[in-house]
Structures are given as C-alpha cells and as structure tokens.
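Each residue of the sequence shown is one higher than the one before, starting from 688 at the first, in this note's numbering.
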Amino acid sequence: MNALPANPPGGSHAALLGRLGGRSIVFVGLMGAGKTAIGRKVATVLALPFIDSDQEIESVSRMTVPELFERYGETEFRALEQRVILRVLENGPQVLSTGGGAFMNAQTREAIAAHGVSVWLKAELDLLMERVSKKQNRPLLKSPDPRGVLERLMSERYPVYATSDVTVPTRDDRKEVIAAEVVEALCRHFDIAQTTPAGEVEP
Numbered sequence: 688m689n690a691l692p693a694n695p696p697g698g699s700h701a702a703l704l705g706r707l708g709g710r711s712i713v714f715v716g717l718m719g720a721g722k723t724a725i726g727r728k729v730a731t732v733l734a735l736p737f738i739d740s741d742q743e744i745e746s747v748s749r750m751t752v753p754e755l756f757e758r759y760g761e762t763e764f765r766a767l768e769q770r771v772i773l774r775v776l777e778n779g780p781q782v783l784s785t786g787g788g789a790f791m792n793a794q795t796r797e798a799i800a801a802h803g804v805s806v807w808l809k810a811e812l813d814l815l816m817e818r819v820s821k822k823q824n825r826p827l828l829k830s831p832d833p834r835g836v837l838e839r840l841m842s843e844r845y846p847v848y849a850t851s852d853v854t855v856p857t858r859d860d861r862k863e864v865i866a867a868e869v870v871e872a873l874c875r876h877f878d879i880a881q882t883t884p885a886g887e888v889e890p
C-alpha cells in the first residue's frame, strides 16, 4: 500500500473524492497497459491507498501468479481472483489495479460497477508487446507466438473493456502525464470543472 501525501488534495481533486464517496477507482486493461504504474500515481495525487489485485492474490495464496497458473490452471486462478477483488472492493475508497482477465468475469464487473468506477487504460498492440517482452512472468504469453496471443486477447477483451465507465488511451509517455489524463477523465465523468492545472500530476 502506498504512503499517502502529506497534504490532502484540493480543488477539483477534492470534488472528485467527494463524488467517489466510498467507491474505488478500478483500473482494467491488458497486461502491459500500465495499470499498476499509473494507478500508483493516481492514488498518490488523490491521497488514496493503492492496491494491486495480483499482489493481494499472492499474499493470500503465498504463491506467485505464475505458480498459481501452473499448479491450478486459469479457471481456478480466476475464481480466486474474483474472491480477492470482491473482498478488496468492500474497503473503498482506494485505487485498485486488476489483472488483465479480471474484468472478463461478469460477477467481477458487477461488483466493480456497484463499488467502484472502472478505468480502462487502452493500449495499442506494439506498445503492449514492447512492455511485456521485457518480463518473463506472464503465464498467458508462454507461447511460440506471443504477439498472436496478445492479438487474440485484444479481440476478445477490448469489447468488454469498452464497457468501462472511463476510457483513457495510453502510450509511451511519462507516467505523470497519463495519470493526469486519468484524473481529468474522471472529473469529466462526474461533470467536475477542472480547478487544478491540467497536464500532469506531481512526480
């Protein structure tokens, strides 16, 4: 969980927190979209706790996500993921980063809709490939054709991600810039006038 800023948010950020009430900001999107990195930045600027669902799952199970996939398979992993996310959502407001497949579960989507505001970080294929190719802990990409796997996942998941409350295109830019765009998009979602400088959040 992130340490919180010393000073509480003001202006439109305070208004956003007021509109959120007890609800959480929930990031969804494919692996490599930046949900954890951007989520941490948004949590910091809004003085909210940050939770990564994969880290919560690993803490509960005392196993890594790849180990869970290997030992129990994707179906059992998704069931555990759903239970963890439902539990976490009861403790809002906070910023929650979810795994790429979490939003595909109808019950999880219903829980997010009831207890949060969903934010889809929408990324292009080339950006995702560049990012995930640097990491070896992606169970779904253990394939001779990882690009093909990502293309299939985009085809399957993007129509579902598109039902999110807020969509923010992401790109190869500074995390602070993308985080600021997320906050701006959330303010627009709640019809809150921007009273703080737009462009980027504090590093």
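Glycine included, every Cβ here is placed at the ideal spot set by N, Cα and C.
(request) Taking Asp859 as the reference, give the member of Gly719, Val836, Ala702 with the closest Cα. (result) Gly719
(request) Can you give me the start and stop residues for the beta strand (DSSP E) that Ile712 sits inside? (result) 711 to 715
(request) Could you tell me the distance, in whole angstroms, from the CA atom of Glu777 to the CA atom of Val870? (result) 22 Å
(request) Indicate the three-state DSSP secondary structure (helix, strand or coil) for Ile738 in the structure shown. (result) strand
(message) Rounding to the nearest angstrom, what Cα-Cα distance links Ile772 and Gly787 in this structure?
(response) Answer to the nearest angstrom: the Cα atoms are 13 Å apart.
(request) Using a threshold of 7 Å, state whether the C-beta atoms of Glu700 and Leu733 are closer than that. (result) It should be noted that the sequence gives His, not Glu, for residue 700. A contact, by the Cβ cut-off of 7 Å.
(request) List the endpoints of the continuous alpha helix (DSSP H) containing Leu808. (result) If you look at Leu808, you'll find it isn't in any alpha helix (DSSP H); it sits in the beta strand (DSSP E) that goes 803 to 809.
(message) Suppose you measure from the CA of Val836 to the CA of Glu811; what does that come to, to the nearest Å?
(response) 14 Å
(request) Determine contact between the region 799 to 815 and the region 740 to 751, defined as no fewer than three beta-carbon pairs at a distance below 8 Å. (result) no
(request) Would you mind stating whether Leu840 and Leu703 have Cβ atoms separated by less than 7 Å? (result) Taking 7 Å as the Cβ cut-off, Leu840 and Leu703 do not qualify as a contacting pair.
(message) Quick check for students: name the residue ranges of the beta strand (DSSP E) that lie wholly in the region 726 to 780, counting only runs of 3 or more.
(response) 737 to 739
(message) Taking the straight line between their C-alpha atoms, what separation do you get for Asp832 and Gly709?
(response) 42 Å
(request) Thinking Leu749 and Phe737 are a contact (beta carbons under 8 Å), I'd like their distance in whole angstroms, please. (result) It is Arg, not Leu, that sits at residue 749 in the sequence shown. Between Phe737 and Arg749 the Cβ distance is about 21 Å, and since that is not below 8 Å, they are no contact.
(request) Kindly indicate if chain D contains any beta-carbon less than 7 Å away from that of Arg875. (result) In the displayed structure, chain D is absent; only one protein chain is listed.
(request) Grab the span of the alpha helix (DSSP H) containing Pro833 for me, first residue to last. (result) 833 to 848
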